[in-house]
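Colleague: Going by our numbering, the residue at position 49 of the sequence shown is 207; the numbering climbs one at a time, nothing skipped. The C-beta atom is built at its ideal place from N, Cα and C for all residues, glycine as well.
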Amino acid sequence: MKQEFIDQCLIILSREDVKIQLKELFKPLVSLIVQEIYPYIYLSLMFVIMSFLLILGIFYLLLRSNFKSLK
159 MKQEFIDQCL
169 IILSREDVKI
179 QLKELFKPLV
189 SLIVQEIYPY
199 IYLSLMFVIM
209 SFLLILGIFY
219 LLLRSNFKSL
229 K
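(1) Counting only the same chain and skipping the five closest in sequence on each side, list residues whose C-beta sits under 8 angstroms from that of I170.
(2) Can you give, in chain order, each stretch of the alpha helix (DSSP H) that sits fully within the region 160–219 and has at least 4 residues?
(3) Leaving aside the five residues before and after F210 along the sequence, list all residues of the same chain whose C-beta is less than 7 angstroms from its C-beta, in chain order.
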């Protein structure tokens, strides 16, 4: 019984018109969620860029001190 219900749901969900309607139904919700998390995405991106620059600076300092010790 349970498996038949699941199979029927999958058959209904595999139809193209149902897929389009579901996409249209969830479009405002997804848009709202994305709009709410945009500041956090930008903040995360800023932290990733700052971390990359700091790691690049540390790498440069290590290379510079390594070349000075070789001379």
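Modeller: So, to answer that:
(1) Looking up residue 170 in the sequence shown gives position 12. The answer, listed in chain order, is V176.
(2) Entirely contained in the region 160–219, the alpha helix (DSSP H) runs reaching 4 residues are, in chain order, 160–171.
(3) Along the sequence shown, read from residue 1 onward, the residue named residue 210 stands at position 52. The answer is none, since no qualifying residue turns up.
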